[in-house]
Every structure is written in C-alpha cells, then in structure tokens.
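S.K.:
Protein chains: 2
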Amino acid sequence: MTAVNRQILLASRPSGEPGADNFKLVEAPLSEPGPGQVLVRNHYLSLDPYMRGRMNEGKSYAQPQPLNEVMIGGTVGEVVASRNEHFQVGDKVVGMGGWQEYQLVDASQRGVLQKVDTTHVPLSAYLGAVGMPGVTAWYGLVKIIAPKAGETVVVSAASGAVGGAVGQLAKVRGARVVGIAGGADKCRYVVDELGFDACIDYKEHRDLKSLSGALKTACPEGVDGYFENVGGMILDAVMLRANAFSRVAMCGMIAGYNGEPIPMAAPQLILVNRMKIEGFIVSEHMELWPEALKELGTLVATGRLKYRESVAQGLENAPEAFLGLLKGRNFGKQLVKLI
Amino acid sequence: MTAVNRQILLASRPSGEPGADNFKLVEAPLSEPGPGQVLVRNHYLSLDPYMRGRMNEGKSYAQPQPLNEVMIGGTVGEVVASRNEHFQVGDKVVGMGGWQEYQLVDASQRGVLQKVDTTHVPLSAYLGAVGMPGVTAWYGLVKIIAPKAGETVVVSAASGAVGGAVGQLAKVRGARVVGIAGGADKCRYVVDELGFDACIDYKEHRDLKSLSGALKTACPEGVDGYFENVGGMILDAVMLRANAFSRVAMCGMIAGYNGEPIPMAAPQLILVNRMKIEGFIVSEHMELWPEALKELGTLVATGRLKYRESVAQGLENAPEAFLGLLKGRNFGKQLVKLI
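Chains as they are written, first to last, in this note's numbering: chain X, -15 to 323; chain E, -15 to 323.
#1: Below 8 Å on the Cβ atoms is my contact criterion, and I expect residue 142 of chain X with residue 183 of chain X to pass it. Report the Cβ-Cβ distance as a whole number of Å.
#2: Name the two residues that bound the continuous alpha helix (DSSP H) containing residue 222 of chain X.
#3: Would you list the residues sitting across from residue 185 of chain X in a DSSP beta bridge?
#4: Name, going along the chain, the residues of the segment 256 to 288 of chain X whose beta-carbon falls closer than 8 Å to a beta-carbon of chain E.
#5: Can you give me the Cβ contacts of residue 119 of chain X inside the same chain, cut-off strictly under 6 Å, excluding the 5 residues immediately before and after it?
#6: Along the alpha helix (DSSP H) that carries residue 38 of chain X, what are the first and last residues, could you check?
#7: Taking the alpha-carbon of residue 214 of chain X as reference, which of X/12, X/33, X/22, X/-3 has the nearest alpha-carbon?
#8: Please confirm whether residue 206 of chain X and residue 231 of chain X have their CB atoms less than 9 Å apart.
#9: Closest by CA to residue 286 of chain X, which one among X/104, X/48, X/66?
#10: Under DSSP, the alpha helix (DSSP H) around residue 92 of chain E begins and ends at which residues?
#11: Identify each residue in the segment 242 to 254 of chain E for which the Cβ-Cβ distance to at least one residue of chain X is less than 7 Å, and report them in chain order.
#12: Got a sec: which bits of the segment 182 to 198 of chain X sit with their beta carbon under 7 Å from any beta carbon on chain E, in order along the chain?
#13: With DSSP run on the structure shown, which of helix, strand or coil describes residue 75 of chain E?
#14: Take every Cβ of the segment 22 to 36 of chain E, pair it with every Cβ of the segment 83 to 91 of chain E, and state whether three or more of those distances are shorter than 8 Å.
#15: Helix, strand or coil for residue 136 of chain E per DSSP?
#16: Could you name the residues of the segment 53 to 74 of chain X whose beta carbon sits closer than 7 Å to any beta carbon of chain E, in the order they occur along the chain?
#17: Give every residue of the same chain whose Cβ lies closer than 6 Å to the Cβ of residue 352 of chain X, excluding the five residues on either side of it in the sequence, and list them in chain order.
#18: State yes or no: is the C-beta of residue 153 of chain X within less than 9 Å of the C-beta of residue 289 of chain X?
#19: Between residue 235 of chain X and chain E, is the shortest Cβ-Cβ distance under 9 Å, so that the two count as touching?
#20: Starting from residue 215 of chain X, find everything on chain E with Cβ-Cβ shorter than 9 Å and list it in chain order.
#21: Can you name, in chain order, every residue of its own chain whose Cβ lies under 6 Å from the Cβ of residue 75 of chain X, other than the five neighbours on each side?
#22: Please classify residue 231 of chain E: does DSSP put it in a helix, a strand, or coil?
#23: Contact check, residue 117 of chain X vs residue 317 of chain X under 8 Å by CB: the rounded distance?
#24: Taking Cβ positions only, does residue 219 of chain X come closer than 9 Å to chain E?
#25: CA-CA distance, residue 314 of chain E and residue 82 of chain E?
#26: Around the Cβ of residue 94 of chain X, are there at least 16 other Cβ atoms within 10 angstroms (buried) or fewer (exposed)?
#27: Would you kindly report the start and end of the unbroken beta strand (DSSP E) that includes residue 304 of chain E?
#28: Could you give the first and the last residue of the continuous alpha helix (DSSP H) run that contains residue 194 of chain X?
#29: Relative to the C-alpha of residue 211 of chain X, which candidate in X/271, X/163, X/41 has its C-alpha closest?
#30: When the cut-off is 9 Å and only beta carbons count, does residue 151 of chain E lie next to chain A?
#31: Compare the C-beta of residue 3 of chain E with all C-beta atoms of chain X and state if any pair is closer than 9 Å.
#32: Leaving out the 5 sequence neighbours to the left and right, which residues in its chain are closer than 7 Å to residue 330 of chain E when beta-carbon positions are compared?
#33: Could you tell me whether the Cβ of residue 37 of chain E comes closer than 9 Å to any Cβ of chain X?
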C-alpha cells in the first residue's frame, strides 16, 4: 500500500466558465484507520453536473464546496483496511469519497459507506444507473412526471446518465419517449441502443422555431412530461408543445450554471397549459432510494436498463473530464478510473 | 317586462391593448321561455381578468369568445319567467348569463343555473367571495400552496376579489400573509380591513431590486407560498425570496394578457429552491367547488371573509369598467349593476 494519497482540491472559484486552473492536484500522507474507521481505495470517481453549482460561492443546490478542500464526489471502491466490524478488507463499497485515490472514513456514521453486490451489477454502475443519476431519473420520472401509458415524455441530455435512464424507465411504463441530444451519434445511440421512439439533434436546430418544429414532428400528440436537464431554449421549445396538465421535472439547468441566468421566454404557458414545474434534488428524498434502487438494479441486472460510460484514466485527468462534461463532450456517464 | 334585451357583443379582437371599440352594444328581442326554459333578469354582471384571454383568437385558457356574440361572463339575477319545474319566479340564481340584461336558458342542463340562498350572503357575493373568484382563491391556496401554520404566503393583486380571499383563507390557516397591491389606499385596506400582516405597494418599487428588498423586509423568513395574479417583475422578485420547497399557484398573468410574453428572469431558481410552480383553471376542478363554497359561504356569513366591490352602473358601462379592471383601476371585485 502506498503511503501517499493524491487528491484534487478546489483551488479557486470560477467567474463564468470554469477552467483547469480552478483545481489543484496535491499529495497527502495516508494514515492507518483508527477505531471505527475504514480505508477505501477508490476505483472510480463520478463526475456530475451538480459539482459545477458547488464551485460557486452563492446560494445553489447546497453548501458551496470549500476552497482548498478535496472536491466532493461519489466514488466506488474496495476496502483495503478496516477497524470497523461491519466492513472487511475486500468489500466493495459506494460512498462520497471525493476526488482522491483513497478515503479514510468513520464508517459508523449511517449511510456514509454502503456495501454493494457486484455479482450481477458492475461496480461502476453504482455511480450511474444504479446510483445517484439513476435515482435522480427515477424520482423525477416517477414522482413528478408520473407518466401514464400512451403519454409522451421528452428528455433532454438524453444520452447522459440521467437522461438515458429517464427514457428507459418511461418506456417500461408504456410512454412514448423522445430524447433531445447533441449530435447524430448520440441520437442514434438513444434510439437504437436505449430504445427511445425518437431523438432530436439540437445542434441541427439553432433557433426556437426550428427546435419547436422538430418537437412537433416527433411529438404529434404534444408533450405530457418533460425531464429538464438543460434549460434555456430547449425548455422554451418544449413549453410551446406542452399539453394541458403536463409536468416538468426540473433536474438540471446546465445552460445556466456559469452564472448568467437564462430567462424562460413565455411563463404564461404554465397557466395557459396548466403545467406543473417542479425542481428537486434527489439527495433530499433518501426515503425513496431503496424503492428506486431496487427497480434500477433489477433492470440493469436483467439487461433492460442500458447505459454507456465515458471513462477518463487517472485522477490527474479528472478536471479536464469534468470541464468536458459541462460542455457535453461526454457520452453517457462520466467516470474517472483511478486504478 | 320589457320586450327588449340589451347585450354587449365582441365586435373585434384587440391587437395589443383592448379598447371600447372592441365591443358593441345591441338590442335584441326577448322571447318567452319555451319548455324547460327559464328567463332570468340579470342583476349583476361579473367582470374578470380571464375575459381578456377569451378576446384573443389563439390558444389561451379556453375557446376564444366568438365574434359578434354576447360576451361571456358570470351573472346573478332573479327568475322572471319559468317553464322549468325546478325554478320559480322570484328564485335568485347564479349562472353564466353573459354581458346582457336578460338570459333565456335551458335550465334542465345540469349546472347551467344554480339557485342561491341570500339569507346570510348578499346576492352579489355569489360572483365574488362565494363564487368563482373565491373558489379560485381557495383552490390555489388549499390545493397548491397548502400552507402550514407559521409559513409565509405572498399574494399579488391583494386587494382584488381573488387576492383578498387568498390572504384571508391563509390567515385562517395560521400563515403569515403579505399582500402586494398598487397604491397606498389599497395597501391600507389589505392590512387594516382584510387583516394581512403587511402589504407592499408595488408602485413604490419600480425595479426588481427595490421590490425584492421590500419583500425581504416584509418576509424576514422568506416566502413559502405565492399566489400569482400578475406575472412579470413581481414574480421575479418573489422568486428571489423563495424558500426551499416553496409553492407558486399560478392563477393569472395580467401583465402578459396583451400578447407580449413577459419572460421569467431566473428559472434556475425553480431548481435551486426546489420550487413547485403550478398553473390552474378553477373551472376544471368542479368536484371541489362544494367543499370550497361551503367554507367560503360560512366565512362570509359570519363576517370572517371580507371583500369590497367596485360597482359600475348600467350595461353600457361594462366595457369601460372592464378596461379599467385590466389596468388595476378597480378596488375589490368588479361588478356591473344592471338593475
């Protein structure tokens, strides 16, 4: 076991678009576990859009990421030393290990570290389809959109970890599912591999009228549910096609993460169409995770919930992979492989 | 009984702000009731913001008002001739009589005409606090905002028929209630007569920062519920003060009725604050009217739900009164007295 733990800290807060210089790679000494503690070697680090919000100082999803501390993030790994009776060396675990190669945690705190079964589900999936992104998809779809069979559900960022799961969960429930993604490759994947009914390449539709027209073609009976991962013009275009009593689950607004608010063009459509728009953060609904993870795990284990991963190699490449994610350069769940 | 019925028709659709020339006063012959029919002399006509939406051709709340037909509208009146066994001459009734002095209706259709009891509730109140505006207030407050005791509820157009009822219903439920209204007189009325905890005069706050600052002072613990009657800058200012898990009942957006959509400045706050924004039209929730009317009628009869009326005299003055309503010139429920 190496005695050094490499870590990435938040070195400064971005003004506008973040860059590699907002991060700093450092080496820290690695301690042996104390009583109740567990040392985990992280195998995969999860990169997620919410981290962009944490980089800001102001009010966002949650507390800002403190400066000069290890960047927050979900991890999966293996126990390499334990002084906690519930964890053995070799156990596979999921936790919030952050952007570092090892984590030393007090595992007696409930929920900090969870053992996972990798017999039928790959370890990395616990950061994606059977982890936070999967539960995010499940919550927004099942608890906010609540589609009936035959309704039409639209999903933005459809080839991503969350969007892909939303669409497949909606198909399981008998909905017509239309994705929105950037580029022909992603759209082909969304339709051919994930089984969506259609996918719109937003890069081919640069203005509201064009995108709204494409939605009209893809959703001949209008839009009953929309899972919002993006914001900006895509939301405006979907609202123009929204049916009476349609529901919008607002999960992310990547388009606005860099500080400039992007207005909603026609909020009166909320009234005209009697829409419901609801924002949510999945970590505030922990009571539903077991139900969600059960469905997601079963679907992955039986091959009915598919996903793709973009894997960067090595901790030192995490910042660049994260910046790419914010620009939509990933294809599927963005991970960093640390081992 | 006169043999002539004066009526106001929609003569043309407005482009932008409507004017008196969009309406036309005509005289029509008055027929005796046929089998099953009832002739009602309308005592009061209700003027409501939703009528502006009906004047447009495009998609709005409902079907557009047809050209050269009697303007739609709620009325209360008295049966003056009846060939329907359920209605007697002298019965007081509420219905959708439209902008005219008499209505001849097939009263066998369920819900077209309803008898009302004026022992403890004045006839005109069935167009206001114990009518559509009251039920609108009730639905948005009880079914969407659902305030808990101690929460803060903000109401725009607070001196109006809907807004005034929202605030008083919220007070009954133990909420702190802050109104927004135009002018010192209206604000005084909202606090002194209706019992709101505070009222902000939006005319004293011409920009977002100023209005948002006034809201911060009036709502030291933030905003948990907002009843939206106006749209535009007021909604933006409230969203800046919204608490986590706050709810917005979107009932009207007068600010945008003239066709120009007014953007929502910072929709990402829906996500940041995990808000729920829901539009509704009270006529789509008829199953809840009995429950709502029971509470509203009891509160009015016992003096715990107060309201004010702006009464224009004579059918010929209805267009002007309606245009004034759209500009906020009314003070309380806008009626036209026809008798």
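Beta carbons are placed, not taken as given, at the ideal position from N, Cα and C, and that holds for glycine.
M.R.: Reading it off the structure:
#1: 6 Å
#2: 217 to 224
#3: X/165
#4: Result list: 256, 257, 258, 259, 260, 261, 262, 263, 264, 265, 268.
#5: Residues of the same chain with a CB within less than 6 Å of the CB of residue 119 of chain X, apart from the 5 flanking positions on each side, are 266, 273, 276 in chain order.
#6: 34 to 39
#7: X/33
#8: no
#9: X/104
#10: Unbroken run through residue 92 of chain E: none, as it is neither H nor E.
#11: 245, 247, 248, 249, 250, 251, 252, 254
#12: Within the segment 182 to 198 of chain X, no residue qualifies.
#13: coil
#14: yes
#15: Residue 136 of chain E: strand per DSSP, three-state reduction.
#16: Those would be none; no residue qualifies.
#17: Because chain X is modelled from -15 through 323, residue 352 of chain X falls outside the range shown and cannot be assessed.
#18: yes
#19: yes
#20: 251, 252, 255
#21: 63, 99
#22: strand
#23: 6 Å
#24: It does: the Cβ of residue 219 of chain X has a partner Cβ on chain E nearer than 9 Å.
#25: 20 Å
#26: exposed
#27: Residue 304 of chain E -> not in any beta strand (DSSP E); alpha helix (DSSP H) instead, spanning 302 to 310.
#28: Taken as a continuous stretch (DSSP letters only), the alpha helix (DSSP H) holding residue 194 of chain X covers 192 to 202.
#29: X/163
#30: Structure shown: chain A not included; protein chains present are X and E.
#31: no
#32: Since the first and last residues shown for chain E are -15 and 323, residue 330 of chain E lies out of range.
#33: yes
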